[in-house]
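Residue numbers (my numbering), protein chains in the order written: chain V, 7 to 200; chain Z, -11 to 76. Here the structure is laid out as structure tokens; the discussion comes afterwards.
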Amino acid sequence: MSNDEILVKKAQNGDYGAFEALVERYEAQIYNLSHRMLRHHEDAEDVLQKTFLSVFTHLREFRGESRFSTWLFRIATNHALMKLRKDRGLNLESLDGPVNIGEGDRPREIVDWSHDVTTTVERRELRGMLDEAISGLPEIYRIVFLLRDVEGFSTEDVAQILQASIPAIKSRLLRARLQLREALSGRLKETIPR
Amino acid sequence: MSRISFIHDHRHENVRPVLEAINAYVDGVMEPLLCKELEEHLKGCDPCQIVIDTLKMTITLFKENVEHTIPLDVHARLHRMLKEEWNK
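Here it is, written out as structure tokens:
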């Protein structure tokens, strides 16, 4: 049994300490994911609270058919996407089906900044660039990138979390990575020593 | 067009399979035969090599620089709310 499974079992049997340990293990990840999706502190806190309230309410129904983390992130992304749909009119149907990768995705910035970036750019400045780049991604690409490449879920897990097909996830991940690479290249090409 | 020959055709029309191949290569999930073919191609193709290197670095930078912290007040409000729910 994994640590999560042990804690879930204990929490299901009424151990508040185990429940609290689960919350502490994941609260920062959920808060930051929500904040990167909603770009607003209060909205992120709202999603965080709704997520763990849902976990609390439905914990007894959790049977371990998926990993606890997959189940938790599914709840969190549902709350975040619902908020985006309700408050900002995000079209959730656009998560279905693969996107057509085509000419518009062809890399334009062909400059190699990969060897110098960590020595030529200050960490704070770099973080600013990363924030700006990811904020510029449409939400349906951003969530796929965050789950797959930042949180480290497998493509199959991301498909399960977002209730989308694997080809849909793969094509969105590809477009997200290409757009982020393009955005960073546009900024970082200026930093290459001449 | 075979799955392998498109790599040699990447400067032309069909950009999608090339990008998908590069993506699979970056993730380390490319079929060995295709992988070998791509690596041969990379020896003579700077643009493809640059796209792969900068794509890999893009992913690395996000992985390494994304913060996983929670403000203390947010943490406190969450735990207070959950404790109240638990005790109801």
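Glycine residues also receive a C-beta, built at the ideal position from the N, C-alpha and C atoms.
Discussion item. Below 7 Å, is the gap between the Cβ of glutamate 109/V and the nearest heavy atom of the ligand MG?
Written reply: As for the ligand MG, it is missing from this structure, which has no ligand bound.
Worksheet entry | Endpoints, alpha helix (DSSP H) assigned at glutamine 169/V | No alpha helix (DSSP H) holds glutamine 169/V; DSSP gives it neither H nor E.
Fill in: Secondary structure of valine 53/V, DSSP reduced to three states
helix
Worksheet item: Quick check: the segment 87 to 98 of chain V against the segment 169 to 187 of chain V, are there 3 or more CB pairs under 8 Å?
Response: no
Worksheet item: Under a three-way DSSP split, which group does glutamate 162/V fall into?
Response: The three-state reading of DSSP puts glutamate 162/V in helix, counting H, G and I together.
Worksheet item: What distance in whole Å lies between the Cβ atoms of arginine 181/V and valine 123/V, which are believed to be in contact at a cut-off of 8 Å?
Response: That belief does not hold up - the Cβ atoms of valine 123/V and arginine 181/V are roughly 22 Å apart, past 8 Å.
Worksheet entry | Where the alpha helix (DSSP H) through proline 35/Z begins and ends | The continuous alpha helix (DSSP H) containing proline 35/Z extends over residues 34 to 53.
Worksheet item: What do you reckon, are the CB atoms on arginine 133/V and asparagine 53/Z nearer than 8 Å?
Response: yes
Discussion item. Please tell me whether methionine 18/Z has its Cβ less than 8 Å away from any Cβ of chain V.
Written reply: no
Worksheet item: If we ignore side chains and look at the alpha-carbon of each, how far apart do serine 100/V and isoleucine 36/V end up?
Response: Inter-residue distance for serine 100/V and isoleucine 36/V is about 23 Å (C-alpha atoms, whole angstroms).
Fill in: Start-to-end residues for the alpha helix (DSSP H) that takes in histidine 56/Z
The continuous stretches of alpha helix (DSSP H) do not include histidine 56/Z, and DSSP gives it neither H nor E.
Worksheet item: Nearest to leucine 65/V by CA position, among Lys195/V, His121/V, Lys16/V and Glu145/V, is which residue?
Response: Lys16/V
Worksheet item: According to the neighbour-count rule (16 or more other Cβ atoms, all chains shown, within 10 Å of its Cβ), is tyrosine 13/Z buried or exposed?
Response: buried
Discussion item. With three or more C-beta pairs closer than 8 Å as the rule, is the segment 176 to 190 of chain V touching the segment 142 to 158 of chain V?
Written reply: yes
Worksheet item: When Cβ atoms are compared, which residues of the segment 173 to 187 of chain V fall closer than 8 Å to chain Z?
Response: From the segment 173 to 187 of chain V, only Lys176, Leu179, Leu180, Arg183, Leu184, Leu186 and Arg187 have a Cβ closer than 8 Å to chain Z.
Worksheet item: Which whole-angstrom value is the C-beta distance of threonine 76/V and glutamine 185/V, which I expect to be below 8 Å?
Response: About 26 Å; that fails the 8 Å criterion.
Discussion item. Between Val117/V, Tyr22/V, Glu51/V and Ser60/V, which has its C-alpha nearest cysteine 36/Z's C-alpha?
Written reply: Per the Cα distances, Val117/V.
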